[in-house]
Ligand code: SF4
Ligand code: SF4
C-alpha cells in the first residue's frame, strides 16, 4: 500500500521518515506549486479554507502518481479541520479516485483510538518499533524547527541575498538524509553553524554606513498551516527577512507536539506557555474559539511585553477562529501600542498588494524605532508605555472606522461569568 | 480583568436581547428566563438596512453577514438598555459545538462596539458536565444576585417555552408565531419540567397517510401539507438565515410568493436529525450544520421535495463544508435539483429573485414532465 499525506511546510520530511521507518511505502506529493493549487481550487468547495484547497491539490498530484491511501489529520471541532477528511473524501470520490483515507484524530479524551489507527496503518508492527520510529521523527522535527529559527535570524544579516537560504537548503537536505538520531543531531548542528556563518561572514565585510541598531523583530502569529507553509503565506518570512526583519513564529510544530502530545514532564515548559498565552488573552478573549484564535490574541499580547516590534497575523480567508482574533487584535494594538498587521490570504491574494502592505508595515516599525531612539519626531507614533489612544484610528494599522465615543481600555464591563475560573457550584 | 458585579441590575432593570444569531433558536427560552428573574426585556427591532450597515461598520470586514447583523442589533440596543445579553453558546448538545464565531461573540461585541453598556454573559457548554444550559443559567442568575430557587423556577418555565417553540416550528409555524405562542405558553407551564434539550421535543405520532414511507420517515412527512399540484421546495440553512428576512433578503417570502410549498430544516425534530446524522461515518459537530445536512439527506432519501434551496452566508465556515457534502450527495444519489444561494451585504435583491424564479420554474417544468 503506497501511502501519501498532505504537505505543510517541512513536515513531509518527518512524516516520510516515520512512515518509512515503519516499513510503509511512501509517496510524497509534489511540493505545493501553482499547478497543484490550481487543481485544488478547481475541485474544492469555493469557500473552503485555503489549506483544504492545497490539500486537494497535493492529493490529486500524489494519486495521479499512484498513491493508494492517504494519511490525514482530523479534529473534533469546533473548527473546520475536523471535517476536512470527510469533505476531501467526497471531492476525491466524485473525481473518481478510490483512495482509502486513514484519519488520525486527536483522541477525544482517550488515547487508544489514535493508537489503534497507528497500529492499523503500520500493520501491527511491534510497539517498540513504532515508538522508535516516532522518536526518530521527533528528533528530525526538532532539528528542522531549529534550522528555521536560525534562518529567520540569519536572513536579515546576510549581505548576499539568498545566501542564508541556500545554506538552509543544504542543511535541510542533510537532516532529511540522516539515518539515525545521532546523525540527525549532528546534521542539525552543522547546518545551523553553516547558516549562521554564511549570513554572518557575508555581512561581516560590510562596514560602511552608520552602525545598525538591532534588527526589527516581528512575531508571526495565526493559523498553524498558514504559518508553517511558505507557499500558502507567500513566503512572508522570506520577504520580511529580506527587508531586514527578524521573524519568529508563535508556533513551531515541535512546540505544538510538546504542548499537545508529549506527556507532562517533557512538555512542561510548553504547557506553561499555553497557560501564559491564555492569561494574556483574557482581557480580550476569555474562551477558546477553535484553531489558533485564542493563541493569536494571547501571543500578540505577550509579544508586546517581550519587546517585539510588531506582530504579523496570518490567516486563510474565511478562517473562523482567526476572524475572531482579527476582530480583537486591533483592540490589543490600540491598548498596548504594538502594531499588528492582519493578513487574510487565499488563492486570489496578489503578490504586489501583499508586498506593499508588508513594506508599509515595516516602514511603520522603522519609524517607531527611530522615534524610540530619539532619531525622529513623534508625529502621531505611539510607543510602549504611552496611554492607550483615545478615539479610533490612532494606530495606522488598526483599521477601524472612527466612532464619536471614546471608551475605556479593554472594552465595556462584562457581567456574569465566562472562562469558568470558579465553577458553578 | 475580573468580571464586574451585576447585582445592581435590580428588579425592573432593562436588558437588551439582540435579534440575531441564536435569537432564532432560543429567544423564548431567554425571554422567559430573564423576565422571570426580574428583568424588563427589550428586543431590538427586526433587521433592516440601517442595522446591517452599522453592524458592517463595526465588525471585522471578514466576518459573515449574520455576525455583522448581530453587531447592528447590539448597537441599536446599546443606548436604551442597562445591559445587553450576549451569551457564549459553546455547545447546545453533548458532542457538538456552535460556530467558532459564536464562541467569541461576547468578547467581540464588547471590544468592538463603542459606547456599550454592560454585557451580561455566561458560557453555556453542554459538552462539559455541570455547565449546560440549565446549570449555567442558575449560576448566571446567582451572579446577578437572584436566588437559586427563583432561577430554577424561571428555568423550568423557560424550558417549557422552548419545548412549545420547537413544537410549533416542527409543525411548520413561522418564527414569530412560534415564539409568540411559546412565550405565552411558557408562562403557563408548571414548574419542575424537564431539561430543555431540544432532543426531548415531543415526538410526533407517525402518520398513516403515506404507507410507502418507512416508519421513521413519517414524522416529518405527516406534518407536510398535501402538494395540491404545487412544487415543494426544501429550504435548508441556519435558523437565522431562514427566519431573519433581513439577513436572507426575504428569501422565504419570495419563495412562497412563487407559489410553492416550503419545508425548512427547522421542521425536523431532533430525533429525525439524530437518525439521519447517525448514518454518517462521522457526525457533523456543528449543531446548525448537523441539522442542515440531516435535512438534506432526509429530503433526498425520502423524496420529500422537488428541489432544495440552501441559504448560505458568504464566507460561512461550517456551511462551506456541510453544504458541500449535502450538495455532492444530493447530486450523486438523486436527481433533485440543488440551489445554493450565497448571501452577503452586497447581494442584490433583484438578482436573487431572478435566480429563485428560474429555479422554481425549472422545478415546475420537471414536475409536469414526470406527471405526464
Ligand atoms: S483554523 Fe481556519 S483555516 Fe484552519 S481549519 Fe480552521 S477554519 Fe480552516
Ligand atoms: S455558522 Fe456561518 S453564518 Fe453562522 S456565524 Fe458561523 S460563519 Fe457565520
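Chains as they are written, first to last, in this note's numbering: chain A, 14 to 438; chain B, 34 to 405.
Glycine is no exception: its CB is placed at the ideal position from the N, C-alpha and C atoms.
Can you give the beta carbon distance from residue 57(B) to residue 276(B), rounded, assuming they're within the 8 Å contact cut? Taking the first residue of the second chain as 1, we reach residue 57(B) at position 24. Taking the first residue of the second chain as 1, we reach residue 276(B) at position 243. Contact flag correct, Cβ pair sits at about 5 Å.
If you compare alpha carbons, which of 196(B), 358(B), 294(B) and 186(B) is closest to residue 303(B)? Taking the second chain and counting its residues from 1, the one referred to as residue 303(B) is at position 270. Minimum Cα distance to residue 303(B) is reached at 196(B).
According to DSSP, is residue 136(B) part of a helix, a strand, or is it coil? Position 103 of the second chain, counting from 1, holds the residue named residue 136(B). Correct three-state label for residue 136(B): helix.
Counting beta carbon pairs with one atom in the segment 145-164 of chain A and one in the segment 260-270 of chain A, are three or more of them shorter than 8 Å? yes
Per-residue burial, residue 379(B) [other beta carbons within 10 Å of its own, 16 or more giving buried]: Looking up residue 379(B) in the second chain gives position 346. Looking at its Cβ environment, which holds fewer than 16 other Cβ atoms inside 10 Å, residue 379(B) is exposed.
Determine the DSSP secondary structure at residue 340(B), reduced to helix, strand or coil. Residue mapping note: residue 340(B) aligns to position 307 of the second chain, counting from 1. DSSP places residue 340(B) in strand when its eight states are reduced to three.
How would you call residue 175(A), buried or exposed, if buried means at least 16 neighbouring beta carbons within 10 angstroms? The sequence position of residue 175(A) within the first chain is 162, counting from 1. Exposed, because fewer than 16 other Cβ atoms sit within 10 Å of the Cβ of residue 175(A).
Heavy atom of ligand 1 within 8 Å of residue 303(A) beta-carbon: Here residue 303(A) refers to the residue found at position 290 of the first chain. Checking every heavy atom of ligand 1 against the Cβ of residue 303(A), one is found closer than 8 Å.
Per DSSP, which one or two residues make a beta bridge with residue 151(B)? On the second chain, residue 151(B) is found 118 positions in, with the first residue counted as 1. Beta-bridge partners assigned by DSSP to residue 151(B): 116(B).
For a contact meaning CB atoms closer than 7 Å, what does residue 361(B) contact in chain A? Looking up residue 361(B) in the second chain gives position 328. Per Cβ cutoff of 7 Å: 103 and 107.
Any C-beta of chain A sitting closer than 9 Å to the C-beta of residue 72(B)? In the second chain, residue 72(B) corresponds to position 39, counting from 1. It does not: the Cβ of residue 72(B) has no partner Cβ on chain A nearer than 9 Å.
Given this structure, state the Cα-to-Cα distance separating residue 285(B) from residue 278(B), to the nearest angstrom. Translated into the one-based positions of the second chain, residue 285(B) becomes position 252. Translated into the one-based positions of the second chain, residue 278(B) becomes position 245. Approximately 7 Å between the Cα atoms of the pair.
Would residue 374(A) pass as an interface residue toward chain B - the criterion being a Cβ-Cβ separation below 9 Å? Stepping through the first chain from its first residue, residue 374(A) is reached at position 361. So, not an interface residue.
Give the range of the alpha helix (DSSP H) segment to which residue 312(A) is assigned. For this step, residue 312(A) is matched to residue 299 along the first chain. First-last of the alpha helix (DSSP H) with residue 312(A): 306-318.
Limits of the unbroken alpha helix (DSSP H) element including residue 293(B): Taking the second chain and counting its residues from 1, one reaches residue 293(B) at position 260. Taken as a continuous stretch (DSSP letters only), residue 293(B) belongs to no alpha helix (DSSP H), being part of the beta strand (DSSP E) at 293-297.
So if I threshold CB-CB distances at 8 Å, which residues from the segment 162-195 of chain B count as touching chain A? Cβ contacts with chain A come from 163, 164, 168, 169, 171, 172, 173, 176 and 177.
Below 8 Å, how does it come out for the segment 196-215 of chain A and the segment 241-254 of chain A: are there three or more Cβ pairs, yes or no? no
So which residues on chain A does residue 130(B) lean against when the C-beta distance must stay under 8 Å? Numbered from its first residue, the second chain carries residue 130(B) at position 97. Within 8 Å Cβ-Cβ: 90, 91 and 303.
DSSP bridge partner residues for residue 275(B) (one or two, in chain order): Counted from its first residue, the second chain places residue 275(B) at position 242. Beta-bridge pairing links residue 275(B) to no other residue.
Just grab the DSSP bridge partners of residue 216(B) for me. Here residue 216(B) refers to the residue found at position 183 of the second chain. DSSP lists no bridge partner for residue 216(B).
Expressed to the nearest angstrom, what Euclidean distance is found between the alpha-carbon atoms of residue 351(B) and residue 404(B)? Here the question's residue 351(B) lines up with position 318 in the second chain. Here the question's residue 404(B) lines up with position 371 in the second chain. Answer to the nearest angstrom: the Cα atoms are 37 Å apart.
Quick one: any contact between the segment 51-67 of chain B and the segment 98-115 of chain B, if contact means 3 or more CB pairs under 8 Å? yes
Pick from 352(A), 84(A) and 363(A): whose alpha carbon is nearest that of residue 380(A)? The residue labelled residue 380(A) in the question sits at position 367 within the first chain. Taking only the C-alpha atoms, the option nearest residue 380(A) is 352(A).
Keeping to the same chain, check which residues put their C-beta closer than 6 Å to that of residue 113(A); ignore five residues upstream and five downstream. In the first chain, residue 113(A) corresponds to position 100, counting from 1. Answer for residue 113(A): 82, listed in chain order.
Where residue 368(B) meets chain A, residues with beta-carbon distance less than 9 Å: Counting from 1 along the second chain, the entry for residue 368(B) is found at position 335. By Cβ distance, chain A contributes nothing, its closest Cβ being about 16 Å from residue 368(B), past 9 Å.
Here's a check: name, in chain order, each residue in its chain whose Cβ is nearer than 6 Å to the Cβ of residue 43(B), leaving out the five neighbours to either side. For this step, residue 43(B) is matched to residue 10 along the second chain. Contacts found: none.
Using a Cβ-Cβ cut-off of less than 7 Å, list which residues of the segment 331-344 of chain A approach chain B; keep chain order. 331, 333, 334, 336, 337, 339, 340, 341 and 344
Report buried or exposed for residue 131(B), applying the criterion of at least 16 other Cβ atoms within 10 angstroms of its Cβ. Position 98 of the second chain, counted from the first residue, corresponds to residue 131(B). For residue 131(B), the number of other beta carbons within 10 angstroms of its own is at least 16, and it is reported as buried.
Hey, would you say residue 258(A) sits closer than 9 Å to residue 378(A), going by beta carbons? Position 245 of the first chain, counted from the first residue, corresponds to residue 258(A). Position 365 of the first chain, counted from the first residue, corresponds to residue 378(A). Yes, they are a contact pair.
Same chain, Cβ closer than 8 Å to residue 377(B), neighbours up to 5 away in sequence not counted: On the second chain, position 344 is the one that residue 377(B) refers to. Cβ neighbours of residue 377(B) beyond the five flanking positions: 97, 98, 346, 347 and 348.
With a CB to CB cut of under 8 Å and the five nearest residues on each side skipped, what residues in its chain are close to residue 385(B)? Position 352 of the second chain, counted from the first residue, corresponds to residue 385(B). Excluding positions up to five away in sequence, the list reads 282, 284, 287, 374 and 376.
Tell me whether residue 274(A) sits in a helix, a strand or coil according to DSSP, three-state version. Position 261 of the first chain, counted from the first residue, corresponds to residue 274(A). Correct three-state label for residue 274(A): coil.
Extent of the continuous alpha helix (DSSP H) to which residue 378(A) belongs: Sequence index remark: in the first chain, residue 378(A) carries index 365 (1-based). From DSSP, the alpha helix (DSSP H) with residue 378(A) extends over 364-385.
Looking at ligand 1, does it come within less than 8 Å of residue 131(B), judged from the CB to the closest heavy atom? Locating residue 131(B) in the second chain gives position 98, counting from the first residue. It does not: the Cβ of residue 131(B) is nowhere closer than 8 Å to a heavy atom of ligand 1.
Under 9 Å Cβ-Cβ, which residues of chain B neighbour residue 99(A)? Within the first chain, the letter at position 86 stands for residue 99(A). Within 9 Å Cβ-Cβ: 313, 314, 315, 317, 354 and 358.
Going by DSSP, name the residue or residues bridged to residue 114(A). Residue 114(A) sits at position 101 when you count from the first residue of the first chain. In the DSSP output, where bridge partners are listed per residue, residue 114(A) has 83(A).
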